[in-house]
Structure formats: structure tokens, C-alpha cells
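Per our numbering, residue 132 is the first one in the sequence shown, and the count goes up by one each step. For every residue, glycine included, the Cβ atom is placed at its ideal position computed from N, Cα and C. These notes concern the structure reproduced below.
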Amino acid sequence: MSHPVRLASLAALLVASRTAFAQDAVPPPGDDPTESTQTADVKPTAAEGAKLETQRAETGVVTDEWFKVAKPALELHGYFRVRSELFSHFALGRSDDPRAAMWPQPPDDDDFVTLDQAGNPVRRTTVLCDDPLKPKPCESNIQAGANTRFRVSPELVISDNLRIVSQIDLFDNMVLGSTPEGYVNEPGDNGGYVVRSRGGYTPIGAFAATQWAPVGASNSVTDSIVVKRAYGEYKSPIGTFRFGRQASHWGLGIVENAGDGLDDDFGTTVDRLSFSTGLPQFDLYGTIMWDFGNEGATQALYLPCEDGTTDCGQFSLQGQRYDAMQSDDLDQWGIRIYRQVNPDRARLALAKGEVVINGGFNGYYRRQGFDSRYALGDSPRDLSPTLVRRGLETVSPDLWGQLLWGTLRIELEAALTWGGIENTDSQGGNNFLNPSSDDPDDDGWNIRQFGFALETEWRAIEDRLRIGFGSGFATGDDDVEGINGFGGLDPATTPLGGLDAQLTRDRTFSTFRFHPDYRIDLILWRNILQRIQAAYYFHPSVEYDFLKFDNGQRFGGGASLVWSRSAEFVQTPGNDADLGVELDGTLYYQAQGGTFSVDDEKMTGFFAKLQYGVLFPLDGLGKLPGEEARLPEDKRGLDIPQIIRLYLGILY
Numbered sequence: 132m133s134h135p136v137r138l139a140s141l142a143a144l145l146v147a148s149r150t151a152f153a154q155d156a157v158p159p160p161g162d163d164p165t166e167s168t169q170t171a172d173v174k175p176t177a178a179e180g181a182k183l184e185t186q187r188a189e190t191g192v193v194t195d196e197w198f199k200v201a202k203p204a205l206e207l208h209g210y211f212r213v214r215s216e217l218f219s220h221f222a223l224g225r226s227d228d229p230r231a232a233m234w235p236q237p238p239d240d241d242d243f244v245t246l247d248q249a250g251n252p253v254r255r256t257t258v259l260c261d262d263p264l265k266p267k268p269c270e271s272n273i274q275a276g277a278n279t280r281f282r283v284s285p286e287l288v289i290s291d292n293l294r295i296v297s298q299i300d301l302f303d304n305m306v307l308g309s310t311p312e313g314y315v316n317e318p319g320d321n322g323g324y325v326v327r328s329r330g331g332y333t334p335i336g337a338f339a340a341t342q343w344a345p346v347g348a349s350n351s352v353t354d355s356i357v358v359k360r361a362y363g364e365y366k367s368p369i370g371t372f373r374f375g376r377q378a379s380h381w382g383l384g385i386v387e388n389a390g391d392g393l394d395d396d397f398g399t400t401v402d403r404l405s406f407s408t409g410l411p412q413f414d415l416y417g418t419i420m421w422d423f424g425n426e427g428a429t430q431a432l433y434l435p436c437e438d439g440t441t442d443c444g445q446f447s448l449q450g451q452r453y454d455a456m457q458s459d460d461l462d463q464w465g466i467r468i469y470r471q472v473n474p475d476r477a478r479l480a481l482a483k484g485e486v487v488i489n490g491g492f493n494g495y496y497r498r499q500g501f502d503s504r505y506a507l508g509d510s511p512r513d514l515s516p517t518l519v520r521r522g523l524e525t526v527s528p529d530l531w532g533q534l535l536w537g538t539l540r541i542e543l544e545a546a547l548t549w550g551g552i553e554n555t556d557s558q559g560g561n562n563f564l565n566p567s568s569d570d571p572d573d574d575g576w577n578i579r580q581f582g583f584a585l586e587t588e589w590r591a592i593e594d595r596l597r598i599g600f601g602s603g604f605a606t607g608d609d610d611v612e613g614i615n616g617f618g619g620l621d622p623a624t625t626p627l628g629g630l631d632a633q634l635t636r637d638r639t640f641s642t643f644r645f646h647p648d649y650r651i652d653l654i655l656w657r658n659i660l661q662r663i664q665a666a667y668y669f670h671p672s673v674e675y676d677f678l679k680f681d682n683g684q685r686f687g688g689g690a691s692l693v694w695s696r697s698a699e700f701v702q703t704p705g706n707d708a709d710l711g712v713e714l715d716g717t718l719y720y721q722a723q724g725g726t727f728s729v730d731d732e733k734m735t736g737f738f739a740k741l742q743y744g745v746l747f748p749l750d751g752l753g754k755l756p757g758e759e760a761r762l763p764e765d766k767r768g769l770d771i772p773q774i775i776r777l778y779l780g781i782l783y
């Protein structure tokens, strides 16, 4: 067979293999999962034999030999990105106790607050600026730098129904310039790490002439290469089996978010065994899931030391590790049932002016009996004293719906967590009994959390104009001080223990928190408060492609406004519901030669964007009168934080 014919045949097979796995969580719409992919072992008739001989003569390959001829194919996807950011006045001009600061002042600023020996907040002034002989206090409200990530997502396509997928990050959000030569850490005598004394050709950091490779626990918090996901997928005649460490995403991503976006940082990764099947002719699909949420202590085969210790080398770095006990496992089971219209038929229906509706249900049940404080290599004797009764049991239903009509999209996700926990103490105690009530039903702790997000988008002018409006809500807790989980009360000294430190005996945890990769702004929720939580917001936005060509090149801009208010005013620093109003703007560019997918979301080639944001803080982020008196030097007003971001990426 000629080389062009062979190459064309292999290319056709690879395209077919790739198409078979176009959907991530369920069998692709239009593919009947009940249709057998096996070939029966039946001898061909004389006519069929003649046809096979003709096919063999023309191409050199018959259908039954495809798997032998086409070897497994390795596909690589991912991106390389560099993000440069400048933060201005992110501490809002507040000089907070470092144990409860929303955003601490830079250490070189004269407003920096630390703790004295008695544990009281005191100002530490850095007197190093200006004249070296007569230094003056420093003023620094700027933090700037850049970080990078090289994401590789190899996909080993073994056949049209079998593949192995992984996700590997190189230089995972590594700060550029953070591993200069001569900078090495080592374990300290009192725990933690200390910086090893410099020497040789780099006695001081100013002499660093190159960057060393990141090494975890030496000059970086992570290694140069981090393997985050790896799972296998097998499409059988009855459905799809997926097993391993994998991404989990549902709906808009307010609870489960895969974090696969070009500007994402987190992502929901689960250790899961799942089975998916469906009725493509009705666009109905379902998935059952078994998750290993937290197995607790693990061990390997070992021989005990004579003195009962665990430091005589009995744990091998090879061999199989296993779960030390069942009672400390966090078990989770889930089910998904939803409707997802085939994309091709959806586009046809929209072109006819018809309405397309997608949506479904995603729910989990989780439980944990005991909990343990374990360290790597602990023996059973070490583990036993650390056991505490936890008694956690929750259900988490999550509804998602999407309506498409012409160029209009309306999408909603609403999630609830309902359950209880018997004991929240993490130091070996038990706080199950409620001292303020004689009713046994009041013992333990309740979990009552609810949140939703709404997104609407209307496209016009050949989809170059996109006008959107979003809104969301997350329940708060009127018995908690602190909106971001780091309230004004130290959980260690709070009568009711840790978690969100309760101010009363209500014993209900009701603060709902969105996934950190569900982002609507640049400053308040993305950085200062870290995620949307205990609040509601309104978010109008607009985008317009000034230039857009069929070859993928485009240039455009966008602007958005976010008005945020707290769901419970007592959780805000200033005890006022109004948090702030943020204005964000973006300019973006996609280079010529990049290719777009059908949904205009996945791209290849060079991509860049420049962003600016400004937050106007309101009384909810302000200070209480009592706080003003703690440090008389404090300013009464709030600073206005701003941000500038530059994103440069290569997508493949």
C-alpha cells in the first residue's frame, strides 16, 4: 500500500477515536451506548470473502485489522501561561491583627502589624528607606510579580473505546524569580523550615545570577513537576466506566469545578469509580459515583521494631500501601441524572427558532464515623490515641438548568448541603452535648447551607457583541464573626470550638461557599476574600469583538460591574451589609492561526489579555469604633484597591 493511502487510513482512524471521546462525563450524545462495539467471530461467506480480498488489495488493510495496524495514539493538550499582576492597597488601609486580617499589609510597610510577647497587636515600623545614614519609615502598599504554569494533559488513545487520561503541571504557578541560586531551606530544630546560610559565589541574594529548579521543601513549596490526575476510561456496550483520579464538574461550577479554564488555579479532583450510561435518542444520561473522599491513615507491610517504634526502616518505599482502618474513612456516593441535547441537533433547533432545554440533578451522600490526626508512617499504636468521634452525615443535592433560545442563554445552578456532625473538636475532645439545652435533639451540630448562581447572556452582531447579567447568593451565619472563615475570634479560644467560630449556642453552620474557580471579578472575591461566600451580588457585563475572522484571529474588550452585599451583616468587618462595588475591564487578543472549537471556548495558538480593576469598598469592609482605638495611628478611611493583570499564553 502506498504511503499516502496508509497515512490517510491512520488519520481517519485517529479522528474517529478522538470523536468517540468528545464528551467528558458521559457517552457522547448521538452515540448509542447500548450498541456493541465488538465484532462477532463469524466466518465470512464467499461473497463477503471476495469483498474483503478486494478491500485488502486496494488498501492493504481490512476492517478487522484496524486495531493491529493503528497503534495507540498519544494526544497532548494544555497550555503554557505567564501571568503578571500588580496589587495596590489590597489591605484596604487596615492595620489588622494578623490572626484575622483579610489581607495583611506587606511586611516592609510602616503599617505592618505583628504580635508582642503577650499576644497583643502592635505596629512594627520598618525604618530602612531613603538615606542609609538617616533611614525613614517605609511606606509600601504595592505587591507585584509574575507566575507561570505549563500544563500538559496527555491522552493515550488505545482504541476507539479505551483511553488513559492524565494531567501534569510543570512549574505549577511558580513565582518567577522565586528560586534564585543560593536559596535553600532545611528543617528547623523547632519544626518548620529555616534558610540555610548562603556561601560560595552567592553570599547574598543580590549576587544570584541564575535560577535553580524548584525542589519541594528545599527552595519551593512544590516540585517542578506535579501529577494531578490520571484515570482510565472504557466504553462498553452498556455504558462508560471511568476509574482513577479525575476531574469533577457540574453545572456552572459553583460547587464542583474542574478548574480547566485558561486562568483557573484550583479545580475539583476526586478519586472516583463511576459508571455512565444513557438514552441518546432522548438526550437522557445518568452516572453513579463512588468517591474515596478521605481514607485517613494508610500503611504498608512492615515488621514491627523490637521497641515498638516506627523508625527502624520497616516501611518500604515499594510495595502496596493500604488503608489502616475503615472507621476514619470519609465515604461518598453520588448520582447524576440529566438531559443534554446533542450539540449538532441543538444548533439546528436554535437556527429554527426553537427552545433548547438542558439540565438535571447531581447529588451526594457522605458520612464519616471517626477522625484521626495521623502522620506519615504512624504505627497502629501511634494512631489509636489520635482517634476522635466525628459522626458526620450530609446530603448535597444540586440542580442545574439551561435554556437556549436563538442567541439567548439563561443558566441556573442551586445547591444545598443538609446534615449534621456530632463532634467538631479536632484535639481529641468531645463537644457533642449542647450545654444550653436539655433536649437531646439539640446535641451535636447542624449543617444548613444553600447557594445559587444565575447567568444570562445575549449575543448579537454575528456573536461579536455579548451582553450578560449574573447574580448569586450564598447563605451566611448570624452567629459567626468573619465572612472568610478567619473571623475576629480565635477558634482555639472560642467556647464552642473550631470551624466557623460560633458566637452563640445556636450550633448551626450555615455559611455557603462557592468554588474558588467560579470567578466574577478581579479583586474582592478572587483575591481579598478568596471566594464568593456568605453574600449576594449583581454582575452586569458586556464584551465586544472589534475584530473577528474565520481563521481564529480576534481582538476585543469587555467591562463588568459587581455590587456585593453580605448575607449576614454581622459577618463583615464593619458590621454593615454593603461590601463594595468593583469595576473591571479587559482587552484580549487571539493571534491569527489559532483554531476555535464549535463553542468558541477552546482555542489553540497565542492568546493575551490585559485587565484592570478597581474596588470601591463600602462600610461592610470598614472598621468598628472599637478597632480605631486599638492602634491610634490607624487611618479612619479605607484605601481603594486596584489591580493590573497581564496574561500571555500559548494554547494547544
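Any chance you could list the beta strand (DSSP E) runs of at least 3 consecutive residues sitting entirely within the region 275-336, in chain order? 293-306, 316-318 and 324-326
Cα-Cα separation, tryptophan 549 to aspartate 648: 23 Å
Start-to-end residues for the alpha helix (DSSP H) that takes in leucine 523: Per DSSP, leucine 523 belongs to no alpha helix (DSSP H); it is in the beta strand (DSSP E), 519-536.
Does the region 377-384 come close enough to the region 317-331 to have 3 or more Cβ pairs within less than 8 Å? no
Is serine 810 helix, strand or coil by DSSP? In this structure the chain extends from 132 to 783, so residue 810 is not present and cannot be described.
Backbone CA spacing between tyrosine 719 and histidine 208 [nearest angstrom]: 22 Å
At what residue ranges does the region 353-393 contain a whole run of the alpha helix (DSSP H), taking only runs of 4 or more? none
Is the Cβ-Cβ distance between isoleucine 295 and leucine 287 less than 7 Å? yes
Look up aspartate 475 in the DSSP assignment and say whether it is helix, strand or coil. helix
According to DSSP, which residues form a beta bridge with cysteine 260? Lys267
Is it right to say isoleucine 659 is buried, meaning 16 or more other beta carbons lie within 10 angstroms of its own, or is it exposed? buried
Within 10 Å of its beta-carbon, does lysine 202 have 16 or more other beta-carbons around it, so buried, or fewer, so exposed? exposed
Return the chain-ordered list of same chain residues with a C-beta closer than 7 Å to the C-beta of aspartate 730, the five sequence neighbours on each side being excluded. Low per-residue confidence applies at aspartate 730: pLDDT is 42, beneath 50, and the placement is therefore not dependable, though the value from the model is reported in the following sentence. Contacts found: none.
Are the Cβ atoms of glutamate 713 and leucine 655 separated by less than 7 Å? yes
Cα-Cα separation, threonine 341 to tryptophan 464: 50 Å
Once the 5 residues before and after phenylalanine 406 are set aside, which same chain residues still bring their CB inside 6 Å of it? Gly370, Phe372 and Ile419
Less than 8 Å between the CB atoms is what I'm expecting for arginine 657 and arginine 644, so what's the real figure, rounded? Contact flag wrong, Cβ pair sits at about 14 Å.
Quick one: grab the DSSP three-state call for aspartate 715. strand
Nearest to glutamine 85 by alpha carbon, out of Thr279, Gln580 and Gly736? Since the first and last residues shown for the chain are 132 and 783, residue 85 lies out of range.
Opening and closing residue of the alpha helix (DSSP H) in which aspartate 513 lies: 511-514
Is serine 510 close to the ligand GTP? I mean its beta-carbon at under 6 Å from any heavy atom of the ligand. In terms of ligand content, the structure shown is empty, and the ligand GTP therefore cannot be addressed.
Under 7 Å between C-beta atoms of asparagine 554 and arginine 521: yes
Closest by CA to valine 401, which one among Ala389, Gly711, Val486 and Ser309? Ala389
By Cβ distance, which residues of its chain are closer than 7 Å to asparagine 615, with the 5 residues on each side in sequence left out? Met233, Leu660, Gln661 and Gln664
Leucine 746 in three-state terms, based on DSSP: strand
So the candidates are Leu777, Ile774, Gln773 and Gly768; which of them puts its Cα closest to the Cα of glycine 224? Gly768
What would DSSP say about arginine 657, mapped onto helix, strand or coil? helix
If you run the structure through DSSP and keep just helix, strand and coil, what is leucine 782? strand
Close-in-space but distant-in-sequence residues of the same chain around glycine 688 (CB under 8 Å, 5 per side omitted): Glu674, Tyr675, Phe677, Gly716, Thr717, Leu718 and Tyr719
With three or more beta-carbon pairs closer than 8 Å as the criterion, would you say the region 534-550 touches the region 480-499? yes
Does the region 272-279 come within contact of the region 325-333, defined as at least 3 CB pairs closer than 8 Å? no
Tell me whether leucine 410 sits in a helix, a strand or coil according to DSSP, three-state version. strand
Beta-carbon proximity of phenylalanine 738 to glycine 780, cut-off 7 Å: yes
Nonlocal neighbours in the same chain, by C-beta distance under 7 Å from tyrosine 362, ignoring five residues either side: Val296, Arg373, Phe374, Gly375, Arg376 and Gln377
Output the distance between the C-alpha atoms of phenylalanine 78 and asparagine 577, rounded to the nearest integer angstrom. Because the chain here runs from 132 to 783, residue 78 falls outside it and cannot be looked at.
Identify whether glycine 751 lies in helix, strand or coil by the three-state DSSP scheme. helix
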